[in-house]
Amino acid sequence: MAKRLDGRLLAARHEASLRSTIAQHLATAGCTSYPPGLVVVRVGDDPASGVYVRKKAQACGRVGIESRIIHHPATASQQEVLESIHQLNGDSSCHGILVQLPIPPTLNACQLLLAVDPSKDVDGLHPLNLGRLMRGEPGLRSCTPAGVMALLDHGGIALDGTRALVIGRSILVGQPLGIMLQQANATVTVAHSHTRNLADHCRQAELLVVAAGKPGLVGADWVRPGVVVVDVGIHRVPPQQPQQQGTQGTLRGDVCFSAVEPLASHITPVPGGVGPMTVAMLLSNTVQAWQRHTTVTPA
Ligand code: NAD
2 MAKRLDGRLL AARHEASLRS TIAQHLATAG CTSYPPGLVV VRVGDDPASG
52 VYVRKKAQAC GRVGIESRII HHPATASQQE VLESIHQLNG DSSCHGILVQ
102 LPIPPTLNAC QLLLAVDPSK DVDGLHPLNL GRLMRGEPGL RSCTPAGVMA
152 LLDHGGIALD GTRALVIGRS ILVGQPLGIM LQQANATVTV AHSHTRNLAD
202 HCRQAELLVV AAGKPGLVGA DWVRPGVVVV DVGIHRVPPQ QPQQQGTQGT
252 LRGDVCFSAV EPLASHITPV PGGVGPMTVA MLLSNTVQAW QRHTTVTPA
């Protein structure tokens, strides 16, 4: 039976460490009124986004980050959202800006992400930060891939020389993760919706990261014994049983957990795997951005 790579546990440790970093930094600065600040820019009413934004705000509260949400209606113009971002770029109480995706298709998401000051780009999606990642330079890293790397590190998974397969090539997850794994000396294949014989690629992988957004894509017959499996996918399954009626249903991933768990050496659960680590990395990026922005004067 696989060992679980427990994202909740690791995220809680990160939060504890961030709480103490914030307290120490404030003490060094000789100032208690200047905490880190995160602002989420949300456009429209995508229901899943509403849940994610709430979770991020709660997590900020737990570690001592002040968070705010600027919520534009779905009818907002590109110019209106851009103006919010420009204001936040110049706001010294805001150290991290996150444009919550997805935004309505009537708007140009790339232009909005480009407008964020790269030093406040806590989602790591500005081209400058993506370029820094590619060159292996320090910078703010995309939260979900960084969370996956932290889970692998904490699980003691050796990556040097490992045959890794990442399913999915989005800018949010698959592409940056492929680069991070290469930088850790894994031999990486990135598969996508045009990949032929995906099952064969999967069976060769010693590390399998699934970020396709397809519930239950990977089953037991696609994996080799001893594989390390990271399931990034997250899907809400509506209530199936009469006793679940009136609830929000359950969450599942891109991997058939019950079928793959007996074969894998390590596996992330859904929920409780990558999701909490994504939030933890957002907090971590915000604190990092705050430390850079805050002038520390000796107490
Ligand atoms: P996306 O839709 O932008 O990209 C999906 C990628 O998967 C694409 O590159 C596509 O080519 C590939 N793909 C789709 N179907 C495939 C198939 N049958 N075979 C092979 N490749 C296939 O999605 P995304 O933003 O990268 O997110 C992927 C999943 O991860 C979603 O379920 C999303 O909800 C989830 N997600 C979770 C977290 C988290 O914190 N847990 C964060 C971000 C995304």
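With positions in the sequence shown counted from 1, the corresponding number in the working numbering is that position plus 1.
Ideal Cβ placement from N, Cα and C applies to all residues, glycine included.
Bear in mind that the values here come from a model prediction, so they are computed numbers and not experimental data.
Which residues mark the beginning and the end of the alpha helix (DSSP H) in which residue i is found?
i, result
"Leu178", "175 to 184"
"Arg55", "48 to 64"
"His195", "Segment: none, His195 is in no alpha helix (DSSP H) and carries neither H nor E."
"Gly148", "144 to 155"
"Arg20", "8 to 30"
"Leu199", "199 to 205"
How many Å lie between residue i and residue j at the Cα?
i, j, result
"Leu182", "Gly169", "14 Å"
"Thr29", "Thr188", "43 Å"
"Leu11", "Leu283", "14 Å"
"Pro299", "Gln25", "Low confidence applies here, because Pro299 scores a pLDDT of 42, under 50, leaving its location unreliable; read the following figure in that light. Between Pro299 and Gln25, the C-alpha separation is close to 12 Å."
"Pro106", "Thr248", "30 Å"
"Ala260", "Thr163", "23 Å"
"Ala290", "Gly97", "7 Å"
"Leu99", "Val40", "6 Å"
"Gln184", "Ala212", "19 Å"
"Arg69", "Gly217", "35 Å"
"Arg253", "Ala49", "14 Å"
"Tyr53", "Val238", "17 Å"
"Glu67", "Leu83", "22 Å"
Going by C-alpha distance, which of the options is nearest residue i?
i, options, result
"Gly220", "Ala213, Thr190, Asp255", "Asp255"
"Gln101", "Gly45, Leu134, His87, Arg133", "Gly45"
"Gly91", "Ala77, Lys121, Arg69, Ile66", "Lys121"
"Glu262", "Val228, Leu252, Val52", "Val228"
"Val288", "Lys56, Tyr53, Ala60, Arg5", "Ala60"
"His294", "Asp118, Ser68, His267", "Asp118"
"Leu173", "Gln79, Leu114, Gly65", "Leu114"
"Arg204", "Gly214, Ala192, Lys215", "Ala192"
"Thr269", "Ser50, Asp222, His155, Leu141", "His155"
"Gly8", "Val280, Thr279, Gly274, Leu83", "Gly274"
"Glu138", "Gly148, Gly125, Thr145, Val149", "Gly125"
"Leu208", "Ala165, Leu199, Gln244", "Ala165"
"Asn286", "Cys144, Ala151, Gln244, Lys4", "Cys144"
"Gln176", "Pro146, Ser194, His195", "Pro146"
"Ala3", "Gln246, Leu264, Val42, Leu83", "Leu264"
"Ser94", "Gly38, His127, Pro128", "Gly38"
Counting along the chain, where does the beta strand (DSSP E) carrying residue i start and finish?
i, result
"Thr190", "188 to 192"
"Ala165", "164 to 168"
"Leu208", "208 to 211"
key: 4-residue-minimum alpha helix (DSSP H) runs that sit fully inside the segment 246 to 295, ordered along the chain   = 258 to 261, 275 to 294
Counting only runs of 3+ residues fully inside the segment 73 to 136, write out the beta strand (DSSP E) ranges in chain order. 97 to 100
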